[in-house]
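In this note's numbering, the protein residues as written are 1040 to 1317.
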Amino acid sequence: MQAPTRHPQSRSGHAPIALVTGASSGIGAALARAYAGRGWRLVLVGRRPDALQDTAMACARAQGRREVEPDSIRVLAADLQQTAAWCEHAGALLHAWGCPQVVVANAGISQGVDLSHQEDLAHVREVMDINWLGALATLSPFIAPMRARGSGALVGIASVAGVRGLPGHAAYSASKAALISSLESLRVELRGSGVKVLTLSPGYIATPMTAGNPFPMPFIIEPDDFARRALCAIDAGRAYATIPWPMAAASKLLHVLPRAWYDPILAGQGRKPRKSRT
1040 MQAPTRHPQS RSGHAPIALV TGASSGIGAA LARAYAGRGW RLVLVGRRPD
1090 ALQDTAMACA RAQGRREVEP DSIRVLAADL QQTAAWCEHA GALLHAWGCP
1140 QVVVANAGIS QGVDLSHQED LAHVREVMDI NWLGALATLS PFIAPMRARG
1190 SGALVGIASV AGVRGLPGHA AYSASKAALI SSLESLRVEL RGSGVKVLTL
1240 SPGYIATPMT AGNPFPMPFI IEPDDFARRA LCAIDAGRAY ATIPWPMAAA
1290 SKLLHVLPRA WYDPILAGQG RKPRKSRT
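Structure (structure tokens):
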């Protein structure tokens, strides 16, 4: 496995760049802090400006700085559902800083749905727009520049929930399954270009997204633990990695389990609570 690389914490502007979406909290914030600890420059993307600033400050401290410096950390408050606006942001970044070495499409939402309620269909669309289309929109502006340069890593944060449909997750499981397939297509297309396409599939991570789950969450880990393992997988150029590793065995079992067994087993498990509608 390739050893983690640290870079001088200077104002030279030559440190590599990592762009992370969904950087306001949870996995995204942890990944940003991990890259900051290596001395990388950061582009933090999210929908909550105040929370992004908190992440930026934490990253500055990880870089050994007392405050956020604009040549080291760039904050972009953006809604990835607005793809045209996002592409403008990405174009401005490419002009100002150049192409990042690593782009992590992490932004996502998870709320339970009940398809017997017609109003939940709007939420299904929102989940797909953010978790799938938003992830592809995140990566899109950087594909051609990375291919021209002959290097880079495009990383998508999927989920073990994308392996099989889970109760209450008709939207979330579908969005992550779609992302896994799209990343696989992109990986094959870019083979031999020098650009790596990596799919990271988390199990249960202790974030606000999982806090309300009313069912057991085996092998749950903290976001910083996930980030440490994720950076190792990215360093190694792994095409697909499930984190933590015990969930890899569980997901493989889920993938091959016959429907005659899978259906009654999962029917007896707790389901993701339906998001309250007003």
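Every residue, glycine too, gets a C-beta built ideally from N, C-alpha and C.
If you follow the alpha helix (DSSP H) that residue i is part of, which residue opens it and which one closes it?
i, result
"Ala1100", "Here residue 1100 is Arg; the residue named in the question, Ala, does not match the sequence. Taken as a continuous stretch (DSSP letters only), the alpha helix (DSSP H) holding Arg1100 covers Pro1088 to Ala1101."
"Ile1066", "Gly1065 to Gly1076"
"Gly1173", "Gly1173 to Arg1188"
By a C-beta neighbour count over all protein chains shown, 10 Å radius and 16 as the cutoff for buried, is residue i buried or exposed?
i, result
"Cys1126", "exposed"
"Ala1057", "buried"
"His1162", "buried"
"Gly1337", "There is simply no residue 1337 to check, as the chain begins at 1040 and stops at 1317 in what is shown."
"Arg1113", "buried"
"Gly1242", "buried"
"Arg1050", "Low local confidence applies: a pLDDT of 41 at Arg1050 is under 50, so the model's placement there is unreliable, with the coordinate-based value given in what follows. Label assigned to Arg1050: exposed."
"Gln1121", "exposed"
"Gln1308", "exposed"
"Ser1111", "buried"
"Trp1171", "buried"
"Ile1304", "exposed"
"Ala1123", "exposed"
"Ala1135", "exposed"
"Met1256", "exposed"
Name the DSSP beta bridge partners of residue i, please?
i, result
"Arg1298", "Arg1298 is not bridged to any residue."
"Leu1083", "Val1059 and Val1114"
Starting from residue i, trace the beta strand (DSSP E) both ways and give me its first and last residue.
i, result
"Ala1057", "Ile1056 to Thr1060"
Next on the checklist: Restricting to runs no shorter than 4 residues, where is the alpha helix (DSSP H) found entirely within the segment 1255 to 1293?
Outcome noted: 1262 to 1275
Checklist entry - Can we say the segment 1163 to 1171 touches the segment 1182 to 1190, given the rule of at least three CB pairs closer than 8 Å? => result no
Checklist entry - Pairing CB atoms from the segment 1101 to 1113 with CB atoms from the segment 1191 to 1198, are three or more of them under 8 Å? => result no
Checklist entry - What residue ranges within the segment 1099 to 1167 form continuous alpha helix (DSSP H) runs of no fewer than 4 residues, ordered along the chain? => result 1122 to 1136 and 1159 to 1167
Checklist entry - Which whole runs of the beta strand (DSSP E) in the segment 1187 to 1254 are 3 residues long or more, in chain order? => result 1191 to 1196 and 1234 to 1241
Checklist entry - Just checking, does the segment 1203 to 1214 make contact with the segment 1144 to 1156 on the three C-beta pairs under 8 Å criterion? => result yes
Checklist entry - Counting pairs of beta carbons, one from the segment 1154 to 1161 and one from the segment 1062 to 1071, are three or more of them closer than 8 Å? => result no
Checklist entry - Should the segment 1274 to 1288 be called in touch with the segment 1078 to 1097, which here means at least 3 C-beta pairs below 8 Å? => result no
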